[in-house]
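Sequence lines, in order, name chains A and B. 31 is the number that our numbering gives to position 31 of the first sequence; each next residue is one higher, with no gaps. Convert by adding 1000 to the 1-based position in the second sequence; the result is the number in our numbering. Note sheet for the following structure.
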Amino acid sequence: GQQVMQIPQYQHVQEGEDFTTYCNSSTTLSNIQWYKQRPGGHPVFLIQLVKSGEVKKQKRLTFQFGEAKKNSSLHITATQTTDVGTYFCAGTDKLIFGTGTRLQVFP
Amino acid sequence: EAQVTQNPRYLITVTGKKLTVTCSQNMNHEYMSWYRQDPGLGLRQIYYSMNVEVTDKGDVPEGYKVSRKEKRNFPLILESPSPNQTSLYFCASSFGDRGTDTQYFGPGTRLTVL
Chain A
1 GQQVMQIPQY QHVQEGEDFT TYCNSSTTLS NIQWYKQRPG GHPVFLIQLV KSGEVKKQKR
61 LTFQFGEAKK NSSLHITATQ TTDVGTYFCA GTDKLIFGTG TRLQVFP
Chain B
1001 EAQVTQNPRY LITVTGKKLT VTCSQNMNHE YMSWYRQDPG LGLRQIYYSM NVEVTDKGDV
1061 PEGYKVSRKE KRNFPLILES PSPNQTSLYF CASSFGDRGT DTQYFGPGTR LTVL
């Protein structure tokens, strides 16, 4: 069946450093969504990408959808302590969530 | 306020004792689903519902039941809980009937089965 893997599983960064998480699907995705889950909280929708090669930005966050629509990335520039949490990608074809990347930011 | 609510938030129970986790949304969403979250495995879908009286299995349905008698409610039933069902459970809803829209998650229910 369809699988969506994310790497890395964990990432510890110093505040101000950049961070990237990668999402890879075993099959082509129609759309991809990204969610953020703060510690002790629930996943919250960040963005949806639809087109091949699409790039969207939200302040310090840059989201990219691969040309083949089988991978995606989330890049955070100059991380802040408020970025702490787990980031999930999700393919909307069957709502398969990735395994998540947990980000820890040290001040 | 638009929201998804779940009850209870925390539950400790014993093997074999039937339990129900309730989920309710006030956004008139068509699609509702249940997920379980386990370390290293991400969010895995248990069951979903595209509309009233329409439910279907997700990736990990064994040991669970659901019902959708009303649009706003989607309870998760564990007829005979076992320790491997200890997990963090999330209910979610979305506008369209295919689940391809933004998912709105409830606050979560942390279940421990002894």
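Backbone N, C-alpha and C fix where the C-beta goes; we use that ideal spot for every residue, glycine too.
Contacts around residue i, its chain only, beta-carbon distance under 6 Å, and the 5 residues preceding and following it disregarded
i	result
B:K1071	V1052
B:S1024	T1005, R1072, N1073
For residue i, the nearest candidate out of the options (CA to CA)
i	options	result
A:I32	A:G100, A:D83, A:Q64	A:Q64
A:P8	A:I96, A:P107, A:Y87	A:Y87
B:Y1048	A:T81, A:I47, A:G40, A:I96	A:I96
A:L29	A:P107, A:K51, A:Q11, A:V105	A:K51
A:T92	B:Q1045, B:H1029, B:P1039, B:G1040	B:Q1045
B:G1040	B:R1110, B:S1087, B:Y1104	B:S1087
Cβ neighbours of residue i in the same chain (closer than 7 Å, five flanking residues each side left out)
i	result
A:Q6	T21, Y22, C23, C89, G98, T99, G100, T101
A:K94	Q2
C-alpha gap between residue i and residue j, whole angstroms
i	j	result
A:L49	B:L1043	20 Å
B:K1017	B:D1059	24 Å
B:Q1006	A:S25	31 Å
B:L1019	B:C1091	16 Å
A:Y35	A:K70	18 Å
A:K56	A:T62	6 Å
B:V1054	B:Y1031	10 Å
8 Å CB neighbourhood of residue i in its chain, flanking five on each side removed
i	result
A:A78	G16, E17, D18, R60
Residue range of the unbroken beta strand (DSSP E) whose run includes residue i
i	result
B:P1081	No beta strand (DSSP E) contains B:P1081, which DSSP labels as neither H nor E.
B:V1113	1109–1113
| query | Where are the beta strand (DSSP E) runs, 3 residues long or more, that stay fully inside the region 6–35 of chain A, in chain order? | reply | Fully contained in the region 6–35 of chain A are the following beta strand (DSSP E) runs of length 3 or more, in chain order: 10–14, 19–25.
Whole runs of the beta strand (DSSP E) within the region 32–64 of chain A, excluding any shorter than 3 residues = Those beta strand (DSSP E) runs which fall completely within the region 32–64 of chain A and span 3+ residues are 32–37, 43–49, 55–58.
Notebook entry, point to check: What runs of the beta strand (DSSP E), each 3 residues or longer, lie entirely inside the region 1030–1099 of chain B?
Noted result: Qualifying beta strand (DSSP E) stretches, in chain order: 1031–1038, 1042–1051, 1054–1057, 1076–1078, 1087–1094.
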